[in-house]
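S.K.:
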Amino acid sequence: MENINDYKALAFFDLDGTLLNSKSQLDDEVISAIHKIRENGVLPIIATGRGHFELDWIMKQTGITGAIAMNGQFIMLDGKVVYKEAIPTSVIEQLNAFATKSNEALAFYDSDGYWVNQLTDFARSAYAYTHASEPTVDATRFLKNEVNMLLVLTNQLSQVDYYKENIPDLNFFMNSPSSIDVTNITTNKGTGIQHLTDILDFKGETFAFGDGRNDLHLLSASDHKTAMGNAVPELKELADFISTENTNHGIVNAFKYWGIL
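With the first letter of the sequence shown counted as 1, position 134 gets the number 133 in numbering that gives the first Met the number 0; the numbers rise by one all the way through.
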């Protein structure tokens, strides 16, 4: 299909807890299903809090060529950057001050990779949770490099409200047991869908699949909303369909429910 509007729908997938298994890997049945829905006229697109530079192996195995990365702050299509936005340095400095008061490390994401301002034991465990490489350490790099997303490395859900109250220019999502995702207040996975469909001038339907709090906007922006069986309660309340867990054929069952597999 050479024209984007030859596809009848776009399907947007979160990764951890949704497309990936408990080891942050792709099951063979998921790989097969992704290829099949594309053959059936549904274009698969990743929608993740991860950086685009962490997705090469997933794209290679699935044939996916588009990604809303960094929770909507960085969008790639066919190997090209089609949208990105920076978090203002002055706002990052505010966040850094409040994180320091709470003894919490920050992780910074740009177009090339990620780093942390301090490599605490908790920071190590946070990256081990997603089987990611241990980050490098640089406390001042954000002052000269564009930053597209941040993480507050903490396991305290209450810290979301703490940061929201003190830094209203940013969005905070407790996206994993060990980190809070941070974007500009106007940006999320849902705005990522809007940016991408506008860029593509896509006229068809949209499907979204997720499990976490940073998927609330993703589902809200889509026509057909699926929460995994392991999803947070507020996402299940929003969903049109609740599938089985990601470790129990969740994506495949969702595809079958929607009639795209």
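The beta carbon of each residue, even a glycine, is placed where N, CA and C say it ideally should be.
From the DSSP secondary-structure annotation, give me the bridge partner or partners of asparagine 183.
M.R.: Its beta-bridge partners are Leu169.
S.K.: Mind checking aspartate 197: buried by the 16 CB within 10 Å criterion, or exposed?
M.R.: That one is exposed.
S.K.: Could you give the residue range of the alpha helix (DSSP H) that holds isoleucine 57?
M.R.: Segment 55-61, the alpha helix (DSSP H) holding isoleucine 57.
S.K.: Based on the DSSP output, what are the partners of alanine 8 in its beta bridges?
M.R.: Answer is Val41, Glu204.
S.K.: Starting from the Cα of phenylalanine 73, find the closest Cα among Asp222, Lys7, Gly191 and give me that residue.
M.R.: That would be Gly191, whose Cα lies nearest to the Cα of phenylalanine 73.
S.K.: Is glycine 62 near histidine 34, with beta carbons less than 8 Å apart?
M.R.: A contact, by the Cβ cut-off of 8 Å.
S.K.: Taking 8 Å as the threshold, find out whether the region 180-188 comes into contact with the region 203-215 through three or more Cβ pairs.
M.R.: Touching, yes.
S.K.: Kindly indicate the opening and closing residues of the beta strand (DSSP E) around glycine 65.
M.R.: Looking at the DSSP string, the run of the beta strand (DSSP E) that includes glycine 65 is 65-68.
S.K.: Whose CA, out of Gly48, Gln117, Gln60, lies closest to the CA of glutamine 24?
M.R.: The shortest Cα separation from glutamine 24 among Gly48, Gln117, Gln60 belongs to Gln60.
S.K.: What's the call for valine 181, buried or exposed, on a 16-neighbour Cβ count within 10 Å?
M.R.: Valine 181 comes out buried.
S.K.: With DSSP as the reference, label histidine 178 as helix, strand or coil.
M.R.: For the record, residue 178 in the displayed sequence is serine; it is not histidine. Strand at serine 178.
S.K.: Run the CB neighbour count on threonine 47, radius 10 Å, all protein chains shown included, and call it buried at 16 or more, exposed below.
M.R.: So threonine 47 ends up on the buried side.
S.K.: Excluding five sequence neighbours on each side, which residues of the same chain lie with their C-beta closer than 8 Å to the C-beta of arginine 123?
M.R.: Glu133.
S.K.: Between the C-alpha atoms of isoleucine 241 and aspartate 77, what's the straight-line distance to the nearest angstrom?
M.R.: The straight-line gap from Cα to Cα measures roughly 31 Å.
S.K.: Cα separation between glutamate 84 and arginine 49?
M.R.: Looking at the two C-alpha atoms, the distance is approximately 15 Å.
S.K.: What is the rounded straight-line gap between the Cα of asparagine 95 and the Cα of leucine 156?
M.R.: Cα to Cα, asparagine 95 sits roughly 18 Å from leucine 156.
S.K.: Can you tell which of Tyr162, Leu149, Tyr128 has the C-alpha that lies nearest to the C-alpha of leucine 105?
M.R.: Ranking the options by Cα distance to leucine 105, first place goes to Leu149.
S.K.: Roughly how far, in whole angstroms, is the beta-carbon of alanine 10 from the beta-carbon of isoleucine 44, given that I think they are within contact range, below 8 Å?
M.R.: Yes, they are in contact, since the Cβ atoms of alanine 10 and isoleucine 44 sit about 7 Å apart, within 8 Å.
S.K.: Within 10 angstroms of its Cβ, does valine 80 collect 16 or more other Cβ (buried), or is it exposed?
M.R.: Answer is exposed; the Cβ neighbour count stays below 16.
S.K.: List the whole-angstrom C-beta distance separating leucine 152 from glutamate 103, where the pair is believed to meet the contact cut-off of C-beta under 8 Å.
M.R.: Their Cβ separation, rounded to whole angstroms, is 6 Å, which keeps leucine 152 and glutamate 103 in contact under 8 Å.
S.K.: So if DSSP puts methionine 148 in a beta bridge, which residue, or which two residues, is it bridged to?
M.R.: Looking at the DSSP assignment, methionine 148 forms a beta bridge with Tyr108.
S.K.: Quick check on lysine 224: buried or exposed, where buried means 16 or more other Cβ atoms within 10 Å of its Cβ?
M.R.: Burial call: buried.
S.K.: How should aspartate 109 be labelled, buried or exposed, when 16 other C-beta atoms within 10 angstroms of its C-beta is the threshold for buried?
M.R.: Flag for aspartate 109 reads buried.
S.K.: For a test of the three-state rule: what should DSSP assign to histidine 223, helix, strand or coil?
M.R.: In this structure, histidine 223 counts as strand in the three-state DSSP scheme.
S.K.: Applying the 10 Å Cβ sphere with the 16-neighbour rule, what's the burial state of tryptophan 257?
M.R.: So tryptophan 257 ends up on the buried side.
S.K.: Please report the distance separating the alpha-carbon of leucine 218 from that of phenylalanine 254.
M.R.: Cα to Cα, the separation comes out at about 15 Å.
S.K.: Which of helix, strand or coil does DSSP assign to alanine 253?
M.R.: Residue state, collapsed to three classes: helix.
S.K.: So what does DSSP say about alanine 85, is it helix, strand or coil?
M.R.: In this structure, alanine 85 counts as coil in the three-state DSSP scheme.
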